[in-house]
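Quick note on numbering: the first sequence equals residues 1 to 433 in the UniProt record's numbering.
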Amino acid sequence: MTAVMWFRRDLRLADNPALLDAVAAGDGRVLGVFAVDPLLWDRSGDPRRDHLAASLRSLSEAMGGRLVVRRGDPATVVPALADEVGAASVHISADYGPYGQQRDQEVEASLKCPLRRTGSPYAVAPGRVLNQQGRSYQVFTPYFKAWLAHGWRQPVEAPADVTWVKSSGEELPSSGDGAGERAALEHWKAYLEDVAAYDDERDRPDLDSTSRMSVPLKYGEIHPRTMLADLARRRSVGAEAYRRELAWREFCADLLARNPQAAWKPLRPEFDKMQYEEPGELFEAWCAGRTGFPLVDAGMRQLAETGFVHNRVRMVVASFLVKDLHVHWRFGARWFMRSLRDGDLASNSLNWQWVAGCGADAAPYFRIFNPVSQGQKFDPDGEYIRRWVPELRHLDGKAAHEPWRYGADAYPAPIVDHSEARAEALRRYAAIR
DNA sequence: TTTTGAGTTGTTCGA
DNA sequence: GTCGAACAACTCAAA
């Protein structure tokens with residue numbers, strides 16, 4: 001017999017229980033497939049497409065070049081391959097996103113053999129952490145405590161003996177540098193040496209001392225269970241703080257699984273009445289990094305140039321769009337999803353909602369980031385600004401955060417008055433209460 | 001059953 | 001310059 005392992009966002013061989021099940025079901029003979037879904041591919045920006053292609057290349061190399069990549073609707077591609085090899089079963093790691101759940105049901109309906117779900121991209125699958133009433137949590141801290149108490153299994157090894165079954169498929173790009181399971185593990189092991197400093201330094205975009213694990217996690221090049229096992233061996237405040245961030249990722253996935261509409265609609269219904277501006281010139285200035293606020297522009301340019309933005313800066317640019325420009329968060333969320341290499345629907349949408357004040361355990365409406373003071377606080381020497389905004393490289397130290405005081409002809413003037421914009425945001429929030 | 005205290009990331013204002 | 005208060009409303013768990 002042969003089993004099919006349908007890879008999606010679990011592009012690794014180690015710590016992959018679904019793959020172990022496929023190997024067992026196929027008695028060692030497994031056909032590994034990745035279906036390039038045009039619906040998802042066309043919606044992704046270049047950074048995600050590039051990374052996915054490179055990661056598939058890396059996975060295929062680890063499989064002796066036998067990963068079968070086919071382009072097309074998974075509901076056609078996967079059953080066709082299963083027929084081709086007379087598969088006993090098709091194996092997946094469960095997807096809890098709104099699109100993925102529907103797609104998997106359609107594939108299941110088209111298959112002649114069973115679709116077996118084993119594991120998920122999370123240490124604790126969405127829907128497993130429940131309060132005493134048997135419902136999902138709306139507040140992070142109690143969720144976190146229950147998540148810790150729930151616990152997770154230990155990582156599992158890569159399968160020892162697999163005969164990867166051949167079939168025809170698309171050519172993969174030749175370069176897989178920096179992507180894939182091996183790169184993810186090497187990067188993670190190196191980062192672990194610094195995780196103790198995470199608590200103190202993670203908010204500093206100039207130091208760039210975050211783990212950068214969002215991309216490997218997005219594609220499942222590593223499983224969070226592997227990371228949690230490593231963190232458990234390191235008792236430090238930094239390791240504890242890092243574990244909390246992994247739990248936030250799972251909290252977001254849990255919320256989205258239970259509220260599929262939360263991808264683009266506010267969780268709190270009163271926000272349907274919130275007054276927003278249509279995205280126009282100001283929105284375009286935000287996208288392009290030409291708002292005249294150095295920290296906002298540095299972040300948006302880092303995003304455009306690299307497909308990544310430091311976490312602290314993501315909050316600042318998001319707050320600026322929603323609370324200074326009064327544009328609906330979904331436009332920002334959509335821009336992020338197109339631009340980010342690590343773009344994950346659950347983390348992206350729920351964190352935008354958190355900033356906008358309409359999500360679960362959301363930031364209070366009166367918490368409005370001041371882009372200048374955030375810059376002075378978290379980029380004290382202005383280095384992050386000078387790295388991404390060349391027009392301001394002539395300004396020393398903190399002066400880079402207030403170019404209007406020190407002169408910078410090539411740089412735009414602020415497109416709004418922050419103090420007035422803040423007051424307006426507070427008025428609009430008051431109106432829906 | 002009811003009450004109480006606590007809860008990711010901030011800013012401004014006035015003493 | 002430093003410091004505390006105010007800026008809501010609601011969920012959840014413990015008492």
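Just so you know, even glycine gets a beta-carbon here, dropped at the ideal spot from N, CA and C.
Computed from a predicted model, the values in this text were never measured in an experiment.
{"Check": "Opposing strand residues paired with residue 70 [DSSP bridges]", "Outcome": "35"}
{"Check": "Validate contact between the stretch 358-378 and the stretch 262-270 using beta carbons, cut 8 angstroms, 3 pairs", "Outcome": "yes"}
{"Check": "8 angstroms contact criterion, which residue 81 and residue 68 should meet: CB distance rounded", "Outcome": "7 angstroms"}
{"Check": "Cross-strand partners of residue 5 (DSSP beta bridge)", "Outcome": "32 and 91"}
{"Check": "Inter-stretch contact (C-beta, 8 angstroms, three-pair minimum) for the stretch 408-421 and the stretch 226-243", "Outcome": "no"}
{"Check": "Local Cβ density within 10 Å of residue 83, reported as buried at 16 or more and exposed below that", "Outcome": "exposed"}
{"Check": "Touch test, the stretch 398-414 against the stretch 289-299, Cβ-Cβ under 8 angstroms, three pairs minimum", "Outcome": "yes"}
{"Check": "Contacts around residue 262, its chain only, beta-carbon distance under 8 angstroms, and the 5 residues preceding and following it disregarded", "Outcome": "255, 256, 349, 350, 353 and 359"}
{"Check": "For residue 247, the nearest candidate out of 228, 181, 376 and 426 (CA to CA)", "Outcome": "228"}
{"Check": "Residues near residue 209 by beta carbon distance below 8 angstroms, same chain, minus five either side", "Outcome": "194, 197, 198, 201 and 202"}
{"Check": "Distance, residue 333 Cα to residue 441 Cα", "Outcome": "The structure shown does not extend to residue 441, since the chain spans only 1 to 433, so no value can be given for it."}
{"Check": "Unbroken alpha helix (DSSP H) run spanning residue 204, endpoints", "Outcome": "From DSSP, residue 204 is part of no alpha helix (DSSP H); its letter is neither H nor E."}
{"Check": "Sub-8 angstroms separation of residue 45 and residue 347 beta-carbons", "Outcome": "no"}
{"Check": "Those residues which DSSP pairs with residue 164 across a bridge", "Outcome": "30"}
{"Check": "Check whether residue 220 and residue 9 have beta carbons under 8 angstroms apart", "Outcome": "yes"}
{"Check": "Strand pairing of residue 277, partner residues [DSSP]", "Outcome": "327"}
{"Check": "Inter-residue CB distance, residue 75 and residue 178 (contact presumed, cutoff 8 angstroms)", "Outcome": "Going by Cβ atoms, the distance from residue 75 to residue 178 rounds to 32 angstroms, so no, they are not a contact pair."}
{"Check": "Cα-Cα separation, residue 146 to residue 307", "Outcome": "34 angstroms"}
{"Check": "Buried or exposed by the 16-neighbour rule on C-beta atoms within 10 Å, applied to residue 2", "Outcome": "buried"}
{"Check": "Where residue 115 falls: helix, strand or coil (DSSP)", "Outcome": "strand"}
{"Check": "Proximal residues to residue 381 (C-beta, below 8 angstroms), its chain only, five neighbours per side dropped", "Outcome": "206, 397 and 398"}
{"Check": "Residue 77 versus residue 29 - alpha carbon distance", "Outcome": "19 angstroms"}
{"Check": "First and last residue of the uninterrupted alpha helix (DSSP H) at residue 252", "Outcome": "237-258"}
{"Check": "Proximity of residue 420 and residue 326 at Cβ, strictly below 8 angstroms", "Outcome": "no"}
{"Check": "Sequence-distant residues of its chain with Cβ nearer than 8 angstroms to residue 112 (five each side left out)", "Outcome": "79, 82 and 83"}
{"Check": "Residues of its chain near residue 365, where Cβ-Cβ distance is below 6 angstroms and the 5 sequence neighbours each way are ignored", "Outcome": "357 and 429"}
{"Check": "Straight-line Cα distance separating residue 7 from residue 35", "Outcome": "8 angstroms"}
{"Check": "Whole beta strand (DSSP E) elements within the stretch 314-376, 3-residue minimum", "Outcome": "none"}
{"Check": "Residue 306 - DSSP class collapsed to helix/strand/coil", "Outcome": "helix"}
{"Check": "Sub-8 angstroms separation of residue 368 and residue 375 beta-carbons", "Outcome": "no"}
{"Check": "Rounded C-alpha distance that separates residue 88 from residue 106", "Outcome": "18 angstroms"}
{"Check": "Coil, strand or helix - residue 131 by DSSP", "Outcome": "coil"}
{"Check": "Cutoff 7 angstroms; reference residue 184; Cβ partners in own chain excluding five residues on either side", "Outcome": "216, 221 and 222"}
{"Check": "Assigned exposure category for residue 302 - 16 Cβ within 10 Å defines buried", "Outcome": "buried"}
{"Check": "Cβ shell of residue 126 (< 6 angstroms), same chain only, five flanking positions each side left out", "Outcome": "96, 253, 254 and 257"}
{"Check": "Stretch-stretch touch, CB-based, cutoff 8 angstroms, three pairs: the stretch 114-122 with the stretch 136-143", "Outcome": "no"}
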